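Worksheet: one structure, shown below.
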Amino acid sequence: MSRVVYLIVCGAGPAPHATEFISAAKTEDWDCHVITTPAGRGFVDVQALEEASGNLVISEHRRPGTPRRGRPPADAVVIAPATANTICKLAAGIADTYALDIASECIGLGVQTIVVPFVNAALARRAPYQLAVTTLKDEGVAILEIEPHAPKQGGERLGSFPWKSALTIASTRCR
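Take a look at the structure:
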């Protein structure tokens, strides 16, 4: 039986390439379900993600009275690319979007969670971001140690975003 991974995509430069994660996940027999933040949805080709994963891309809560979506429970959650905003909110317990709500709940349930930051150095130097990373690590969340890029220079790092490394960590932790 396939393992289930939720890929939570935030609004950052690597987001349009999320199909790389989905392709790698399918090769490793993961059933990938994509959830985007509201900003992340604007960065991706929803149709391409749905075709690649075979599942609907979800970005918001269902409306009251509508049926549950029937998505299977996650064996792992990968938040990639993770913005400083999402990382700080997640650590603080702010679940003001569907993506943050799902991520927070999964962490609380003990689901293996991997965060792959795509953050510039100015934001990474700030105390709230550093505290958020420490807080999430203390809760058992794996944070890929990626060197922050210089402000306005993230485009130089798009090709080297570690989609497959995130999946490797998920696979290792969910045997």
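Per this note's numbering, numbering of the sequence shown is gapless, rising by one per residue and ending at 205. Beta carbons are placed, not taken as given, at the ideal position from N, Cα and C, and that holds for glycine. What you are looking at is a predicted structure, and each value in this text was computed from that prediction instead of being measured.
Three-state class that DSSP yields for residue 57 in the structure shown: Here residue 57 refers to the residue found at position 27 when the sequence shown is read from its first residue. Reduced to three states, the DSSP call for residue 57 is helix.
Presumed contact (8 Å Cβ cut-off) between residue 96 and residue 148, rounded CB distance: Translated into the one-based positions of the sequence shown, residue 96 becomes position 66. Translated into the one-based positions of the sequence shown, residue 148 becomes position 118. A Cβ-Cβ distance of about 33 Å is found for the pair residue 96 and residue 148, leaving them out of contact under the 8 Å criterion.
Beta-carbon spacing of residue 146, residue 124 below 8 Å: Along the sequence shown, read from residue 1 onward, the residue named residue 146 stands at position 116. Along the sequence shown, read from residue 1 onward, the residue named residue 124 stands at position 94. No; because the gap between Cβ atoms is not below 8 Å, this pair is not in contact.
Residue burial classification, residue 181 (beta-carbon count within 10 angstroms, cutoff 16): Position 151 of the sequence shown, counted from the first residue, corresponds to residue 181. So residue 181 counts as exposed.
Where residue 139 sits in the DSSP three-state scheme: Along the sequence shown, one-based indexing puts residue 139 at 109. Coil at residue 139, not helix or strand.
First and last residue of the uninterrupted beta strand (DSSP E) at residue 33: Position 3 of the sequence shown, counting from 1, holds the residue named residue 33. Residues 33-39.
Identity of the residues DSSP links to residue 62 by a beta bridge: The residue you call residue 62 lines up with position 32 of the sequence shown. In the DSSP output, where bridge partners are listed per residue, residue 62 has 35.
Whole runs of the alpha helix (DSSP H) within the stretch 47-125, excluding any shorter than 4 residues: Entirely contained in the stretch 47-125, the alpha helix (DSSP H) runs reaching 4 residues are, in chain order, 49-57, 68-71, 76-83, 114-122.
Which of helix, strand or coil DSSP assigns to residue 149: As a working mapping, residue 149 is identified with position 119 in the sequence shown. Looking at residue 149 - three-state DSSP - the assignment turns out to be coil, as it is neither helix nor strand.
Residue 201: first and last residue of the uninterrupted alpha helix (DSSP H) it sits in: Reading the sequence shown from its first residue, position 171 is the one you call residue 201. From DSSP, the alpha helix (DSSP H) with residue 201 extends over 193-203.
Exposure label - residue 126; buried when at least 16 CB within 10 Å: Residue mapping note: residue 126 aligns to position 96 of the sequence shown, counting from 1. Taking every protein chain shown into account, the CB of residue 126 has fewer than 16 other CB atoms within 10 angstroms, so this residue is exposed.
CB of residue 166 within 8 Å of CB of residue 130, strictly: Your numbering for residue 166 matches position 136 in the sequence shown. Your numbering for residue 130 matches position 100 in the sequence shown. For the 8 Å CB-CB criterion, residue 166 and residue 130 do not form a contact.
Chain-order list of residues whose beta-carbon lies under 8 Å from that of residue 47 (same chain, five-residue window excluded): As a first step, residue 47 is located in the sequence shown; it is residue number 17 there, counting from the start. These residues qualify, in order along the chain: 188, 191, 193.
Enclosing alpha helix (DSSP H) for residue 181 [first to last residue]: Taking the sequence shown and counting its residues from 1, one reaches residue 181 at position 151. Boundaries for residue 181: no alpha helix (DSSP H) harbours it, and the DSSP string shows neither H nor E there.
8 Å Cβ cutoff met for residue 195 and residue 161: In the sequence shown, counting from the first residue as 1, residue 195 sits at position 165. In the sequence shown, counting from the first residue as 1, residue 161 sits at position 131. Against a cut-off of 8 Å, the Cβ pair of residue 161 and residue 195 comes out as no contact.
Buried or exposed by the 16-neighbour rule on C-beta atoms within 10 Å, applied to residue 79: By 1-based counting over the sequence shown, the position of residue 79 is 49. Residue 79 is buried by the Cβ-count criterion.
Pick from 63, 71, 55, 58 that is closest to residue 42, judged by C-alpha positions: By one-based count along the sequence shown, residue 42 stands at place 12. Residue 42 has its Cα closest to that of 71, out of 63, 71, 55, 58.
Residues of its chain near residue 200, where Cβ-Cβ distance is below 7 Å and the 5 sequence neighbours each way are ignored: Start at 1 with the first residue of the sequence shown, and residue 200 comes out as number 170. Only 35, 106, 108, 142, 144 meet the Cβ criterion.
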